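For the sequence shown, this note's numbering gives the first residue as 3, with consecutive numbering after it. Note that CB positions come from ideal geometry on N, CA and C, so glycine has one too. These numbers come from a predicted model, not from an experiment. To keep things clear, I will list the structure first and then write my remarks on it.
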Amino acid sequence: MARHTFFCIDGHTCGNPVRVVAGGGPTLQGKTMLDKRAHFLAEFDWIRKGLMFEPRGHDMMSGSILYPSTREDCDIAILFIETSGCLPMCGHGTIGTVTTMIEHGLVSPKTPGTLRLDTPAGVVVAQYRQAGPYVEEVRLTNVASFVHSRGLSAEVPGLGSVTVDVAYGGNFYAIVEPQKAFTDIADVSVSDLLGWSPRLRQALNEKYTFQHPEKPEIKGLSHILWAGKPTQAEATARNAVFYGDNAIDRSPCGTGTSARMAHWAALGRLKPGDDFIHESIIGSMFKGRVEALTTVGDLPAIIPSIAGWARVTGLNTIFIDDRDPYAHGFQL
Ligand code: PYC
């Protein structure tokens, strides 16, 4: 019997939670962050569940555990933890983790103002702007993002037949654009989206295969991006991103914004140098930009960047006590 202690720093990025585990994370084996992620999932997933689910977390809880980089060219490595699992990459999580690390002295950047991050999805470069001790904004240059497949259809109980394109921005996203069964997130309720999303995800995963062409360990459609028209003059578009079993991202979702920019670029709506301001369900915004064109396998891809802000909300020493019947959390 033991009581496990985790030294966490809690915060949020544009409204979505980020719990950074600064101490107490397990030692992981593996040469790369993808290997370490596999080791964590095989042996230590109880830590993720205990820290993310109720009663210590909630449906939207998301965070990271810090590790020494597995690569010479990075400052630090990040393992993302969330109610949905260990994401290969998380944009709001990166912005929150960088803000927390800099404000709390958890990392020594080789180049001030820049952190090179070793994530399971690949190298992500974060540039941050400070005002005194506080980080004002983080812009991350994300992994190459691309359209995986077009025109996939699924029958969703309660919604009807929908057709989606699937794009990758660090996770695989089904992008639901306006169509007969769905017009705009403004026309439906959050509980509608929470009801339809897991059914749509399951139907698509049963019918189709989603796998990264260069990193086969990254597979499966995990997120649904429901499209909407912006409500604020400076925004390009709005979204509601579903993840886990019961969560709508309160931030505009960094990997979702990357996937959507790749989709817009493939449709000819964005080109290198173009900005794309994404508005979240609560009205917070990320400033996206298409930095360059590239390829992934033989697919055309973009290098996206995303800028946003985060605030630290407090220090949180969390115990997971083996005697607690809810040590590993629960979900309704
Ligand atoms: O910002 O990439 C993101 C993200 C993924 C899931 C929730 N937020």
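- Between Gly-87 and Gly-172, the C-beta gap is not smaller than 8 Å, which leaves the two residues out of contact.
- The closest CA to that of Thr-116, considering only Gly-107, Asp-77, Leu-108, is found on Asp-77.
- Here the residues close to the ligand PYC, judged by CB distance below 5 Å to any of its heavy atoms, are Cys-92, Gly-93, His-94, Tyr-245, Asp-251, Cys-255, Gly-256, Thr-257 in chain order.
- With contacts defined by Cβ atoms closer than 8 Å, Trp-198 and Gly-246 do not form a contacting pair.
- Inclusion of Asp-277 and Arg-291 in the CB contact set at 8 Å is warranted, their separation being smaller than that value.
- DSSP places Gln-333 outside both helix and strand once states are collapsed to three, so it counts as coil.
- Under the three-state reduction of DSSP, Trp-48 is assigned to helix.
- Below 8 Å, too few C-beta pairs join the stretch 211 to 230 and the stretch 53 to 72 to call them touching: fewer than three.
- Taking one beta carbon from each stretch, the stretch 107 to 124 and the stretch 64 to 75 have 3 or more pairs nearer than 8 Å; the two touch.
- Looking at the backbone, the Cα of His-150 and that of Asp-167 are separated by about 8 Å.
- Uninterrupted alpha helix (DSSP H) stretches at least 4 residues long and entirely within the stretch 190 to 273 occur at 192 to 209, 256 to 268, given in chain order.
- Here the stretch 302 to 313 makes no contact with the stretch 32 to 45; the two share fewer than three CB pairs at distances below 8 Å.
- In the structure shown, Leu-30 adopts coil according to DSSP, grouped into three states.
- Excluding residues up to 5 positions away in sequence, Lys-38, His-41, Phe-42 lie with their Cβ nearer than 6 Å to the Cβ of Leu-30 in the same chain.
- Residue environment analysis places Tyr-136 among the exposed positions, since fewer than 16 neighbouring C-beta atoms fall within 10 angstroms of its C-beta.
- When only Cα atoms are considered, Leu-53 and Arg-21 end up about 9 Å apart.
- If you look at Glu-56, you'll find it isn't in any beta strand (DSSP E); DSSP assigns it neither H nor E.
- Rounded to the nearest whole angstrom, the C-alpha separation of Thr-143 and Arg-325 is 43 Å.
- For Val-164, the enclosing beta strand (DSSP E) starts and ends at 162 to 170.
- Under the criterion of beta carbons closer than 8 Å, Leu-195 and Phe-244 qualify as touching, at roughly 6 Å.
- In this structure, DSSP gives Asp-37 a helical state, which the three-state scheme calls helix.
- When rounded, the separation of the alpha-carbon atoms in Phe-332 and Ala-183 is 33 Å.
- Excluding its 5 nearest sequence neighbours in each direction, Leu-272 has C-beta neighbours in its own chain below 7 Å: Met-263, Trp-266, Phe-278, Val-292, listed in chain order.
- The three-state reading of DSSP puts Phe-42 in helix, counting H, G and I together.
- Judged by DSSP in its simplified three-state form, Ile-187 adopts helix.
- One thing to note: Asn-241 has its Cβ within 8 Å of the Cβ of Gly-258.
- Closest by C-alpha distance to Asn-248, out of Ser-260, Ser-286, Arg-203, is Arg-203.
- In the structure shown, Gly-98 adopts helical secondary structure according to DSSP, grouped into three states.
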